[in-house]
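S.K.: One structure, as structure tokens, below. Some questions next.
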Amino acid sequence: MTHKIAILGASGYTGAELIRLLAGHPAYEIVALGAYSKAGQRLAEVFPHLRHLNLPELVSFDQIDFDKIDLCFCALPHKTSQEVIRDLPKHLKIVDLSADFRLRDPDAYTQWYGNAHGAVEMQGEAVYGLTEFYRDEIAKARLVAGTGCNAATGQFALRPLIEAGVIDLDEIIMDLKCGVSGAGRSLKENLLHAELSEGYNAYAVGGTHRHLGEFDQEFSKLAGRDVKVQFTPHLMPVNRGILATVYVKGDAQEIHATFADAYADEPFLQVLPFGETPSTHHVRGSNFCHIGVTGDRIAGRAIVVAVLDNLTKGSSGQALQNANLMLGEEETSGLMGVPVFP
1 MTHKIAILGA SGYTGAELIR LLAGHPAYEI VALGAYSKAG QRLAEVFPHL
51 RHLNLPELVS FDQIDFDKID LCFCALPHKT SQEVIRDLPK HLKIVDLSAD
101 FRLRDPDAYT QWYGNAHGAV EMQGEAVYGL TEFYRDEIAK ARLVAGTGCN
151 AATGQFALRP LIEAGVIDLD EIIMDLKCGV SGAGRSLKEN LLHAELSEGY
201 NAYAVGGTHR HLGEFDQEFS KLAGRDVKVQ FTPHLMPVNR GILATVYVKG
251 DAQEIHATFA DAYADEPFLQ VLPFGETPST HHVRGSNFCH IGVTGDRIAG
301 RAIVVAVLDN LTKGSSGQAL QNANLMLGEE ETSGLMGVPV FP
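Heads up: the sequence shown at position 11 corresponds to 11 in my numbering, and the numbers run straight through without jumps.
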């Protein structure tokens, strides 16, 4: 069976990544590509690296016949996404890559994103799209909310430890570096080559990053009590990749064994031998997440390092993983491509 697929926001980085992944999927056909300012253009004009694909041209959303589509990926900015999704047909399965349906509490959404939620009536049906931990709910869902790329990395590095109770929940420090594509394709002065290259900087310092809303929600739900991590993201002058270094109090060997047990059957989560740590080079362009654990010179402390590609496992690859479950396909279908190296 071939499933008909639409992508809204196809002219952005996550839209292009979705097209790259879907092009090699045996069960999906892209029948509509929606865009705003680039509507009316051929895909080859917007993304020359995709010119070999036989795909429809970019159109405005009102030109798409959603009655003939099985699943729609929404790769739109937050606030815009909820306004578009609210008006889509009720039969349509949707994977939203924005932040609009990640936070279950509408007040938390207002706190972190600065505006009231415009589709509160849909929030109750949205399933949080961290596939490895919400697999059964995602398979039955109509609307899935993809996680933030930073939030996904941090959760892969911490969820099993919080659930198993092997770390001090009041002593978690996360230092995270992210490639520039995580900021999207829109022109921004601080992302100009002359201002970004040859250095890197911390941002959203002091607990203001929006993905903290996801950490608070998910970690506190797991622990059955408030859990607040100390988190500082950094912008790196690289195109792709996230590396999270997480400092925790607990026995390093027990922490490593907890990961090995929790992720033993997960095809995309690779736990390295004890003492080894990964590089973003090892997952580039793939749907894999690599996790390493080492001890520290201070007894009773451990360091967890997790890496993933922010555009793939952190966004579009995760979205496809969720879509596979929603449409009854093999979860790994179209996603087992080997990382690109060097």
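No residue lacks a Cβ here, since even glycine has one placed at the ideal position from N, Cα and C. Please read all numbers here as calculations on a predicted model, not as lab measurements.
Taking the C-alpha atoms as reference points, what is the distance between residue 309 and residue 240?
M.R.: The residue given as residue 309 occupies position 309 in the sequence shown. The residue given as residue 240 occupies position 240 in the sequence shown. The straight-line gap from Cα to Cα measures roughly 6 Å.
S.K.: Helix, strand or coil for residue 155 per DSSP?
M.R.: In the sequence shown, counting from the first residue as 1, residue 155 sits at position 155. Here residue 155 sits in helix by DSSP.
S.K.: Tell me residue 26's beta-bridge partners as DSSP assigns them.
M.R.: Taking the sequence shown and counting its residues from 1, one reaches residue 26 at position 26. Paired residues: none, contrary to the question.
S.K.: Verify whether the separation of the beta carbon atoms of residue 259 and residue 248 is less than 7 Å.
M.R.: Start at 1 with the first residue of the sequence shown, and residue 259 comes out as number 259. Start at 1 with the first residue of the sequence shown, and residue 248 comes out as number 248. Taking 7 Å as the Cβ cut-off, residue 259 and residue 248 do not qualify as a contacting pair.
S.K.: Whole angstroms are fine: how far does the CA of residue 96 sit from the CA of residue 143?
M.R.: In the sequence shown, counting from the first residue as 1, residue 143 sits at position 143. In the sequence shown, counting from the first residue as 1, residue 96 sits at position 96. Looking at the two C-alpha atoms, the distance is approximately 7 Å.
S.K.: Is the Cβ-Cβ distance between residue 152 and residue 314 less than 7 Å?
M.R.: One-based indexing of the sequence shown puts residue 152 at position 152. One-based indexing of the sequence shown puts residue 314 at position 314. Yes. Within cutoff.
S.K.: Roughly how many angstroms lie between the CA atoms of residue 8 and residue 34, to the nearest whole one?
M.R.: What you label residue 8 is simply residue 8 of the sequence shown in a count that begins at 1. What you label residue 34 is simply residue 34 of the sequence shown in a count that begins at 1. Using only the alpha carbons, I get a separation of about 4 Å.
S.K.: Can you tell me which of 292, 32 and 79 puts its alpha carbon nearest to the alpha carbon of residue 101?
M.R.: As a working mapping, residue 101 is identified with position 101 in the sequence shown. Closest option to residue 101, Cα to Cα, is 79.
S.K.: Buried or exposed: which applies to residue 134, given that a residue is buried once 16 or more other Cβ atoms fall within 10 Å of its Cβ?
M.R.: Counted from its first residue, the sequence shown places residue 134 at position 134. With 16 or more Cβ atoms within 10 Å of its Cβ, residue 134 is classed as buried.
S.K.: Would you kindly check if the distance between the Cβ of residue 146 and the Cβ of residue 318 is under 7 Å?
M.R.: Stepping through the sequence shown from its first residue, residue 318 is reached at position 318. Stepping through the sequence shown from its first residue, residue 146 is reached at position 146. Yes, they are a contact pair.
S.K.: By Cβ distance below 8 Å, which residues in the same chain neighbour residue 57 in space, the five residues on each side in sequence not counted?
M.R.: Residue 57 sits at position 57 when you count from the first residue of the sequence shown. Around residue 57: 33, 40, 41, 42 and 43.
S.K.: Using DSSP with H/G/I as helix, E/B as strand and the rest coil, what is residue 113?
M.R.: Residue numbering aside, residue 113 sits at position 113 when the sequence shown is read from its first letter. Looking at residue 113 - three-state DSSP - the assignment turns out to be helix.
S.K.: Could you pull the start and end residues of the alpha helix (DSSP H) that residue 135 belongs to?
M.R.: What you label residue 135 is simply residue 135 of the sequence shown in a count that begins at 1. Run containing residue 135: 135 to 139, per the alpha helix (DSSP H) assignment.
S.K.: Go to residue 122, then tell me how far its alpha helix (DSSP H) extends in each direction, as first and last residue.
M.R.: On the sequence shown, position 122 is the one that residue 122 refers to. 120 to 123 is the extent of the alpha helix (DSSP H) around residue 122.
S.K.: Just to check my reading of the structure: residue 234 and residue 158 have Cβ atoms closer than 8 Å, yes? What is that Cβ distance to the nearest angstrom?
M.R.: Working through the sequence shown from its first residue, we reach residue 234 at position 234. Working through the sequence shown from its first residue, we reach residue 158 at position 158. 18 Å between Cβ atoms; not a contact.
S.K.: For residue 1, count neighbouring C-beta atoms within 10 Å of its own C-beta (all shown protein chains included) and say buried if the count is 16 or more, exposed if not.
M.R.: As a first step, residue 1 is located in the sequence shown; it is residue number 1 there, counting from the start. Residue 1 comes out exposed.
S.K.: Can you check DSSP and say which residues form a bridge with residue 166?
M.R.: Indexing the sequence shown from 1 puts residue 166 at position 166. Looking at the DSSP assignment, residue 166 forms no beta bridge with any residue, so it has no partner.
S.K.: Should residue 120 go down as buried or exposed, given a rule of 16 or more other Cβ atoms within 10 Å for buried?
M.R.: Counting from 1 along the sequence shown, the entry for residue 120 is found at position 120. Counting Cβ neighbours within 10 Å, residue 120 comes out exposed, since fewer than 16 surround it.
S.K.: Throw me the rounded Cβ distance for the residue 156 and residue 6 pair, which I believe falls under 8 Å.
M.R.: The sequence position of residue 156 within the sequence shown is 156, counting from 1. The sequence position of residue 6 within the sequence shown is 6, counting from 1. Wrong, their Cβ atoms sit about 29 Å apart, outside the cutoff.
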